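Read the structure below first, then the notes.
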Amino acid sequence: MKKLFLALFCSLFFALPVYADNVITAPIDGRPISKEYLGKLAELGSDQFYTVSDENLDFFSSYEPDNHLGNSQKVREEIYNIVSQKNTDNTTVIINTSSYITNGLVGSRCGVNYDNYKDALKDLDKLMTDFNKPTYYVNLSVPRSLPETRFNKIWVNDNKMRGLGYYYLKYNKDAENYSEISSKFANVTPEQYIMEFSYVYNKAGELGENKLTQWEKDFLNYFNRNIKTKAPYKEYVDYYIKPYETTAIIFGQLLKYQQEGKLSQIVVSNDDLQIPNSITYFYNKGCDWVQTENDSPIKYSYARTYMQTGASSIQRKITDAYSKVELGKANTGSSKFINIIYGTDEVPQLIYARDYTRRKYLTPQLTFLYNDTKQNVSTYDVKQPGNIARAAYSFVKGDVGKYTKEPAFVYIYDYKMSIDKTSSAIERLKREKKRGANVGLIELFDGTKENTAFQSILRRRYNFTLADLDMYSAWNTNGNAIGLGIAHCQVASIAKEVTRRPVEMLKAQTAILTQHAVEDGIYTKSGKLTLNNKGYKPNVTDRTNSETLYNLMDTSKVTDGLKGKSYTYENKTYTVSDVNINKLSFPWGRTFDIYVGCDVKL
1095 MKKLFLALFC SLFFALPVYA DNVITAPIDG RPISKEYLGK LAELGSDQFY TVSDENLDFF
1155 SSYEPDNHLG NSQKVREEIY NIVSQKNTDN TTVIINTSSY ITNGLVGSRC GVNYDNYKDA
1215 LKDLDKLMTD FNKPTYYVNL SVPRSLPETR FNKIWVNDNK MRGLGYYYLK YNKDAENYSE
1275 ISSKFANVTP EQYIMEFSYV YNKAGELGEN KLTQWEKDFL NYFNRNIKTK APYKEYVDYY
1335 IKPYETTAII FGQLLKYQQE GKLSQIVVSN DDLQIPNSIT YFYNKGCDWV QTENDSPIKY
1395 SYARTYMQTG ASSIQRKITD AYSKVELGKA NTGSSKFINI IYGTDEVPQL IYARDYTRRK
1455 YLTPQLTFLY NDTKQNVSTY DVKQPGNIAR AAYSFVKGDV GKYTKEPAFV YIYDYKMSID
1515 KTSSAIERLK REKKRGANVG LIELFDGTKE NTAFQSILRR RYNFTLADLD MYSAWNTNGN
1575 AIGLGIAHCQ VASIAKEVTR RPVEMLKAQT AILTQHAVED GIYTKSGKLT LNNKGYKPNV
1635 TDRTNSETLY NLMDTSKVTD GLKGKSYTYE NKTYTVSDVN INKLSFPWGR TFDIYVGCDV
1695 KL
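The numbering of the sequence shown is my numbering, which starts it at 1095 and goes up by one.
Structure below.
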């Protein structure tokens, strides 16, 4: 009887999903990249994933009446309740300050959403004090430079203001492109005017006003005398500066929590870091008064000042709390305490990959391959692709020195570079795959070129298919594409070696590849542009399942290419027999991003 009971107990126990650990997150915002796709990565790692309800997160679509900010107070309450039920050593909590403090990522760009930051920090302290068994990570995002106009009045009115181009022409009356500069930059929108002020003001702060050109001095003097401290403009300028200033203050308090032993890791990320259109124009014309680093214009701004160069900047606080050596480690992703990642949407998945690596005490030995040794800093980034990749890998592997049995090779193909190495890139991945390595492809897009590497794999031109890839990523900015790809490669490489759930692991891995192949390789590269050129605006039905997306994209090459993907576990081989895409939608009712859902059968 006892044997029967034991057999019954074991059969029931082992029939249940064997989840290793709990992962709880207050996401960046309500988009799939912040929630569902992070959850799928956790599923690949055999972890149980918990997050907050959609109703407390922000939503922004092309249909403005439905748009709303999140509710950070409710998010904090939900996180507290979830953690209270999972207060164990095998629980990881990832807090993104955007939803936890400022009502979402969009809200983090608006000064008014920082009014109650002290209450949020007290709630965070209470969470970590009341439930001190989990491992806590906090991702603090420094807002982008471009003013946010959604749910945020940025200026007195929409009238154009005299921009930097106006003052430039005062001193360059014989400029060859006088008419073009006059029409584009003599008078600019409030968004560009504020960014020009941020650029010139912070450039003066770094270099000294004596290093400015005469037209920059005139622009800045006028702004300081007539705009910065004068009604009705002062309140708008103050609220533009407030997110950057307050973010540095918040970091100081997080640093205190960490030194008290409550926080395992602080990650500081940078939302899209841009420069004014006028500065981009003058840089492209070869003007030597636009300072550069790494062959790209320096992005002077309040974001840069409060992140890197100012007296009260985040980097100064790191140096004061630890050392210059630790700051150097933070900038390369190798600090035990604080790391700086220049990106946003990829950061939660990188944090998960780092934590997964820590828990399994295993990491792949990763080698990066490139199609060109020359690299430039992209529009929304701060570092070159190689630097972004090395820092991301250093971050996810942490101080783990035990390698997986198989190494990993990731090819970063930058289409902004002129050298075409499609054939050699795929042949290299093919060769490493035959040797047993894990292989991945990250594509950095140029809007004018076909993504030949992905298309060649899709069309099986080199006898190498999607099923042969362990990772593919190409979504949005360089930082996004590289970070998401490395996070996936890290988790997949480790999971293949440690999983006890081969069926679920292979299904999750195939689903992630399907999602990236469809959204990144097809939709982001060409489908989005097609819809935008038509002026298409998703309707309410498109948010749940979009006939437009099904008609726009032929996904059969993706699903066919993943059939036959296999994984061997304890001498038994599991093979993907079918992949069915069961959902294509615009979850935020806009063309910027889509949701890809699929059913994988073995």
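Just so you know, even glycine gets a beta-carbon here, dropped at the ideal spot from N, CA and C. Owing to the predicted nature of the structure, the values given are computational and were not obtained by experimental measurement.
Can you give me the C-alpha to C-alpha distance between residue i and residue j, rounded to a whole angstrom?
i, j, result
"residue 1094", "residue 1352", "Since the first residue of the chain shown is 1095 and the last is 1696, residue 1094 is not available in this structure."
"residue 1537", "residue 1568", "5 Å"
"residue 1283", "residue 1251", "10 Å"
"residue 1677", "residue 1199", "26 Å"
"residue 1683", "residue 1436", "27 Å"
"residue 1180", "residue 1151", "22 Å"
"residue 1508", "residue 1540", "8 Å"
"residue 1211", "residue 1241", "20 Å"
"residue 1636", "residue 1153", "15 Å"
"residue 1439", "residue 1264", "42 Å"
"residue 1664", "residue 1589", "14 Å"
"residue 1304", "residue 1310", "10 Å"
"residue 1534", "residue 1515", "16 Å"
"residue 1114", "residue 1231", "19 Å"
"residue 1499", "residue 1591", "8 Å"
"residue 1456", "residue 1379", "49 Å"
"residue 1167", "residue 1148", "14 Å"
"residue 1580", "residue 1483", "8 Å"
Which residues does DSSP pair with residue i in a beta bridge?
i, result
"residue 1566", "1535"
"residue 1254", "In the DSSP output, where bridge partners are listed per residue, residue 1254 has none listed."
"residue 1506", "1464, 1536"
"residue 1435", "1363"
"residue 1242", "Per DSSP, none; premise fails for residue 1242."
"residue 1281", "1256"
"residue 1320", "DSSP output for residue 1320 lists no bridge partner at all."
"residue 1390", "1387"
"residue 1182", "DSSP output for residue 1182 lists no bridge partner at all."
"residue 1457", "1497"
DSSP three-state call for residue i: helix, strand or coil?
i, result
"residue 1479", "helix"
"residue 1680", "coil"
"residue 1624", "helix"
"residue 1272", "helix"
"residue 1669", "strand"
"residue 1153", "strand"
"residue 1116", "strand"
"residue 1693", "strand"
"residue 1237", "coil"
"residue 1606", "helix"
"residue 1102", "Low confidence applies here, because residue 1102 scores a pLDDT of 39, under 50, leaving its location unreliable and the question unanswered by this model."
"residue 1232", "strand"
"residue 1633", "coil"
Which word fits residue i, buried or exposed, when buried means at least 16 other C-beta atoms lie within 10 angstroms of its C-beta?
i, result
"residue 1485", "buried"
"residue 1634", "exposed"
"residue 1159", "exposed"
"residue 1404", "buried"
"residue 1249", "buried"
"residue 1704", "What the structure shows of the chain is the stretch from 1095 to 1696, and residue 1704 is not part of that stretch, so it cannot be assessed."
"residue 1481", "buried"
"residue 1626", "exposed"
"residue 1253", "exposed"
"residue 1662", "exposed"
"residue 1090", "In the structure as shown, the chain starts at 1095 and stops at 1696, and residue 1090 therefore has no counterpart that could be examined."
"residue 1555", "exposed"
"residue 1419", "exposed"
"residue 1495", "exposed"
Span of the alpha helix (DSSP H) holding residue i?
i, result
"residue 1340", "1328-1353"
"residue 1363", "Note, residue 1363: premise wrong, no alpha helix (DSSP H); beta strand (DSSP E) at 1359-1364."
"residue 1375", "1371-1378"
"residue 1543", "Neither: residue 1543 is in no alpha helix (DSSP H) and is coded neither H nor E."
"residue 1311", "1308-1317"
"residue 1133", "1130-1138"
"residue 1291", "1284-1301"
"residue 1450", "1441-1454"
"residue 1175", "1166-1179"
"residue 1517", "1516-1528"
"residue 1654", "1650-1656"
"residue 1220", "1211-1224"
Where does the unbroken beta strand (DSSP E) through residue i begin, and where does it stop?
i, result
"residue 1583", "Segment 1572-1592 is the alpha helix (DSSP H) holding residue 1583; no beta strand (DSSP E) there."
"residue 1428", "First-last for residue 1428: undefined, no H or E at that position."
"residue 1660", "1660-1663"
"residue 1190", "1185-1190"
"residue 1142", "1142-1145"
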